[in-house]
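**Q** Just add 24 to the spot in the sequence shown (first one is 1) and you have the working numbering. Just so it is clear, CB atoms sit at the ideal spot from N, CA and C, and this is done for glycine as well. Please read all numbers here as calculations on a predicted model, not as lab measurements. Below is the structure I would like to discuss, written out as structure tokens.
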Amino acid sequence: MYPDHTPHVPVQRAVEVHQPTPFPPAIATPAPVVPVQPGSVPAVASIVLPDGRVVTGYAIDAARPEPVAVKPVVSRTAVNVALGGVGFLAVCGGLILLTSVIAALTTLITQLIILAAVIFGGWIAVQLFSTSGHQGDTTVNIRRAVIKRNHFHG
Numbered sequence: 025m026y027p028d029h030t031p032h033v034p035v036q037r038a039v040e041v042h043q044p045t046p047f048p049p050a051i052a053t054p055a056p057v058v059p060v061q062p063g064s065v066p067a068v069a070s071i072v073l074p075d076g077r078v079v080t081g082y083a084i085d086a087a088r089p090e091p092v093a094v095k096p097v098v099s100r101t102a103v104n105v106a107l108g109g110v111g112f113l114a115v116c117g118g119l120i121l122l123t124s125v126i127a128a129l130t131t132l133i134t135q136l137i138i139l140a141a142v143i144f145g146g147w148i149a150v151q152l153f154s155t156s157g158h159q160g161d162t163t164v165n166i167r168r169a170v171i172k173r174n175h176f177h178g
């Protein structure tokens, strides 16, 4: 009974019957016989179920999982970081050596310039203050010149 206390009446429906369509018989050709090595034919196994039925079939090997790739002890990222650090240290050492060489060259050039200035200055001083050079000096007397109306009177 339904909740509204009405009796249930089953509804009759038309039954449809489908008949299978038979296929025409195929020309029976024997299957090709493939020679099989005796060792490659799997063994046939029969199992008796608890209800008495016997199931016969080929034994199937259990699925074997694929071997897992062995991970290296140290990751590639760690190796790359370490190699980068070693390279950075090598570059820093080279830069320190390069700056030392540049500083030494700067000092050498500065000292050469100072030495050249001292030698050249000394040569000039010797030329100016030497008394043993020329005995016959020429004395030039300059008179006072007078310029009147764009005409020079000497």
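Helix, strand or coil for Thr45? Go by DSSP, reduced to three states.
**A** Residue state, collapsed to three classes: coil.
**Q** At the level of alpha carbons, what is the spacing between Ile143 and Gly109?
**A** C-alpha separation (whole angstroms): 51 Å.
**Q** Which partner residues does Gly81 have in the DSSP bridge list?
**A** Looking at the DSSP assignment, Gly81 forms a beta bridge with Ala69.
**Q** Can you give the Cα-Cα distance for Thr130 and Gln151, rounded to whole angstroms?
**A** Between Thr130 and Gln151, the C-alpha separation is close to 32 Å.
**Q** Pull up the distance between the alpha-carbon of Ala128 and that of Leu136, whole angstroms please.
**A** Their Cα atoms are separated by approximately 12 Å.
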